[in-house]
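When we follow our numbering, the leftmost residue of the sequence shown carries the number 48, and every step to the right adds one.
Think of the CB as a built atom: it goes at the ideal place given N, C-alpha and C, for glycine as much as any other residue.
Fair warning: this is a prediction, and the values are worked out from it, not measured in the lab.
I have placed the structure first, in the form of structure tokens, so that the comments after it can refer back to it.
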Amino acid sequence: MRLVLLGAPGAGKGTQAKKLIDKFGIPQISTGDILRKAVADGTPLGKEAKIIMDKGELVPDSVVIGLVKERLAQDDCKNGYILDGFPRNTAQAEELDKVLSEMNAPLDVALSVDVDKNDLMKRLTGRRTCKGCQQMFNIHFSPPKKDGVCDKCGGELYQRDDDKEETIKNRLDVYEKSTAPLIDYYSNKGILKSVEGVGSIDDIFNKICSILGS
Ligand code: AMP
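The structure is reproduced here in structure tokens:
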């Protein structure tokens, strides 16, 4: 299955993607995770990207498209993948369509995870991510068993630089302006499905599985 996850920052795309990996045995391609790794590794790309990410702006299309193309060409994407955080605007979506049509492997589904705007802020400010396995927790809604420690791998939890309040506001604005139009884009292509991203993580996951027909 070739799947794009759509939704505002904080809608829970990453959390659901991690569960979908286990269920479907296909990889998650998160451009945010790839960029954060480049930042952590201190590569030239990472240094350039960090300045943009800390402001909550989008990294240039040419950069992320290049990263995704490279990733899609890898062997483990042969049976499908979950794109999380890409595409982020119409130009990226069009470029993705072009690449996938050259590969003769179009998208099957664009799944939008819908969450009320007021809830997003609380979700994002409470979010903590594992340095080791990228598992996400929320100090308000789904805290780890032990403060600051990942339940899954024992790694250290941290707050992403771009999960600070000012940056979050900008990320939500950028989402409204640049990314939300993709809902219409995929609806017009007839592959859009939507799920209400409220309730427990497992409830949402079950709804997603039934939408995906499995
Ligand atoms: P995310 O983890 O998906 O919320 O991404 C974190 C940050 O990485 C975003 O706020 C952007 O600065 C950058 N980023 C991630 N994916 C993309 C993308 N597809 N296009 C441009 N910038 C991106």
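Which residues DSSP lists as bridging residue i, in chain order
i	result
residue 205	176
residue 128	49
residue 156	50
residue 75	129
residue 239	157
Classification of residue i by the beta-carbon crowding that lies within 10 angstroms, buried from 16 upward
i	result
residue 134	buried
residue 90	exposed
residue 180	exposed
residue 194	exposed
residue 235	exposed
residue 185	buried
residue 128	buried
Beta-carbon proximity of residue i to residue j, cut-off 8 Å
i	j	result
residue 157	residue 239	yes
residue 70	residue 200	no
residue 111	residue 75	no
residue 160	residue 52	yes
residue 60	residue 131	yes
residue 229	residue 172	no
residue 222	residue 56	yes
residue 220	residue 101	no
residue 247	residue 105	no
heavy atom of the ligand HEM below 7 Å from residue i C-beta
i	result
residue 162	Judged by which ligands are present, the ligand HEM is missing from the structure shown, whose ligands are the ligand AMP.
CA nearest to the CA of residue i, picked from the options
i	options	result
residue 249	188, 84, 221, 205	188
residue 43	153, 241, 64, 198	Lying before the first or after the last residue shown, residue 43 is absent from the chain, which here runs from 48 to 261.
residue 123	68, 246, 175	68
residue 203	192, 177, 222	177
residue 99	217, 227, 235	217
residue 150	61, 114, 105, 120	120
residue 77	234, 182, 214, 243	182
residue 243	49, 48, 54	54
residue 213	168, 190, 95, 232	168
residue 49	109, 231, 241, 147	147
residue 215	170, 253, 245, 251	170
Below-8 Å beta-carbon distance, residue i vs any chain B residue
i	result
residue 251	The chain inventory of the structure shown lacks chain B, comprising one protein chain alone.
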